[in-house]
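In the numbering used here, the protein residues as written are 28 to 251.
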C-alpha cells in the first residue's frame, strides 16, 4: 500500500513538472514541454541486465526464435527522461536502449536474432517491433521512481499477430546523487517488463492470443 501511494504521489508530481503519467491510457505519450537549449545534463542511456528487482526465470521457449526489429522512440518528449537538482536529464534517443533490453530475452531461454526494419518477417518464430511511448523518472525525498511504457507488435509469418501494451514502474534509493542512478531506475522498469514479454511469447509462438495490456509489477510473473 505504501509503495502504491508513493508511486501515485510521484506521478502527480511528475504531472506538475510537465510529465504526464496516466495509468488508464497506455496508448498516450508524454506531454512534457520542450527543454530550452543548453539547459540540463546529458545522460548515458546504457542498458543493464543486472539492474533488476527479481531474478531471471527461464521459460519453455522450445524452438521458437524471437526476431527483434530496432525499437522506435515514440515518446512525445524525446529530449529528457526527467530532471535532477542540477537540471533536465537529456537523452536524445532511447531506442537503442530498448533494443538491447529486448535482446536479453535470450536470458529467458529464447533464441534471439536481429532483423532490419521493413524486412519480411521470417517464416519461423515471432518478430517483435517495439515502440517506447514513455520513459521518465522523478524523485521524492531519497527515492527515485521511473515509468516505462512500451507498445509491442508481435508478427508471425501470417502478418500482425497482436499489438500489446506494457507498463512498469521501477524505484530505488538515490545513493550517490549521480545522474546514472536515474537510468538505473529506468532499467528496473524495463527489466520488470521483460519477463512478462517472455511469458507472452510462450503463447504467441504457438499463434495464441494474449491479453492486450499488462502492468508489469515488481513482484514479477505470477508462479504457475
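C-beta atoms are modelled at their ideal positions from N, C-alpha and C, and glycine is treated no differently.
Checklist entry - The beta strand (DSSP E) spanning residue 78 covers which residue range? => result The residue given as residue 78 occupies position 51 in the chain shown. From DSSP, residue 78 is part of no beta strand (DSSP E); its letter is neither H nor E.
Checklist entry - Excluding sequence positions up to five away, which residues of its chain have a Cβ less than 8 Å from the Cβ of residue 99? => result On the chain shown, position 72 is the one that residue 99 refers to. Excluding positions up to five away in sequence, the list reads 122, 156, 157, 158, 159.
Checklist entry - Which one or two residues does DSSP pair with residue 187 in a beta bridge? => result As a first step, residue 187 is located in the chain shown; it is residue number 160 there, counting from the start. Residue pairing by DSSP places residue 187 opposite 182 in a beta bridge.
Next on the checklist: Nearest by alpha-carbon distance to residue 66: which of 169, 202, 113 is it?
Outcome noted: By 1-based counting over the chain shown, the position of residue 66 is 39. Of the candidates 169, 202, 113, the one whose C-alpha sits nearest the C-alpha of residue 66 is 113.
Checklist entry - Out of 223, 233, 200, which has the shortest C-alpha to C-alpha gap to residue 259? => result A query on residue 259 cannot be resolved here, the shown segment of the chain reaching from 28 to 251 and no further.
Checklist entry - Could you give the residue range of the beta strand (DSSP E) that holds residue 141? => result The residue you call residue 141 lines up with position 114 of the chain shown. Element bounds for residue 141: 138 to 141.
Item to check | Residues bridged to residue 240 [DSSP beta-bridge criterion] | outcome: The residue labelled residue 240 in the question sits at position 213 within the chain shown. Residue 240 pairs with 192.
Next on the checklist: Among 165, 216, 240, 244, whose alpha-carbon lies nearest the alpha-carbon of residue 115?
Outcome noted: Sequence index remark: in the chain shown, residue 115 carries index 88 (1-based). When only C-alpha atoms are compared, the closest one is 165.
Item to check | First and last residue of the uninterrupted beta strand (DSSP E) at residue 66 | outcome: Indexing the chain shown from 1 puts residue 66 at position 39. If you look at residue 66, you'll find it isn't in any beta strand (DSSP E); DSSP assigns it neither H nor E.
Checklist entry - With 16 other CB atoms within 10 Å as the buried threshold, where does residue 240 fall? => result Numbered from its first residue, the chain shown carries residue 240 at position 213. The residue in question, residue 240, is exposed, as its Cβ has fewer than 16 Cβ neighbours within 10 Å.
Next on the checklist: Tell me the rounded alpha-carbon separation between residue 151 and residue 203.
Outcome noted: In the chain shown, residue 151 corresponds to position 124, counting from 1. In the chain shown, residue 203 corresponds to position 176, counting from 1. Their Cα atoms are separated by approximately 46 Å.
Next on the checklist: Taking its Cβ as the centre, do 16 or more other Cβ atoms sit within 10 Å of residue 189, making it buried, or is it exposed?
Outcome noted: Stepping through the chain shown from its first residue, residue 189 is reached at position 162. It counts as buried.
Next on the checklist: Are the CB atoms of residue 79 and residue 206 within a distance shorter than 8 Å?
Outcome noted: For the purposes of this step, residue 206 is identified with residue 179 of the chain shown, where counting begins at 1. For the purposes of this step, residue 79 is identified with residue 52 of the chain shown, where counting begins at 1. No; because the gap between Cβ atoms is not below 8 Å, this pair is not in contact.
Item to check | Sheet register partners of residue 94 (DSSP bridge) | outcome: Locating residue 94 in the chain shown gives position 67, where the first residue counts as 1. 140, 154, per the DSSP bridge assignment.
Next on the checklist: Please list the terminal residues of the continuous beta strand (DSSP E) segment that includes residue 115.
Outcome noted: Locating residue 115 in the chain shown gives position 88, where the first residue counts as 1. 114 to 117 is the extent of the beta strand (DSSP E) around residue 115.
Checklist entry - Is the beta carbon of residue 198 less than 8 Å from the beta carbon of residue 172? => result Against the chain shown, residue 198 aligns to sequence position 171. Against the chain shown, residue 172 aligns to sequence position 145. Result yes, Cβ atoms of residue 198 and residue 172 sit closer than 8 Å.
Next on the checklist: Rounded to the nearest angstrom, what separates residue 94 and residue 227 at their Cα positions?
Outcome noted: For the purposes of this step, residue 94 is identified with residue 67 of the chain shown, where counting begins at 1. For the purposes of this step, residue 227 is identified with residue 200 of the chain shown, where counting begins at 1. In a straight line, the C-alpha of residue 94 is about 15 Å away from that of residue 227.
Checklist entry - When DSSP labels each residue in this structure, what does residue 200 get in the three-state scheme? => result Residue mapping note: residue 200 aligns to position 173 of the chain shown, counting from 1. Three-state DSSP puts residue 200 in a strand.
Next on the checklist: What does the alpha-carbon distance come out to for the pair residue 126 and residue 169?
Outcome noted: What you label residue 126 is simply residue 99 of the chain shown in a count that begins at 1. What you label residue 169 is simply residue 142 of the chain shown in a count that begins at 1. For residue 126 and residue 169, the distance between alpha carbons rounds to 30 Å.
Item to check | Classification of residue 88 by the beta-carbon crowding that lies within 10 angstroms, buried from 16 upward | outcome: In the chain shown, the residue the question calls residue 88 occupies position 61. Looking at its Cβ environment, which holds 16 or more other Cβ atoms inside 10 Å, residue 88 is buried.
Checklist entry - In three-state DSSP terms, what is residue 225? => result Residue numbering aside, residue 225 sits at position 198 when the chain shown is read from its first letter. Helix.
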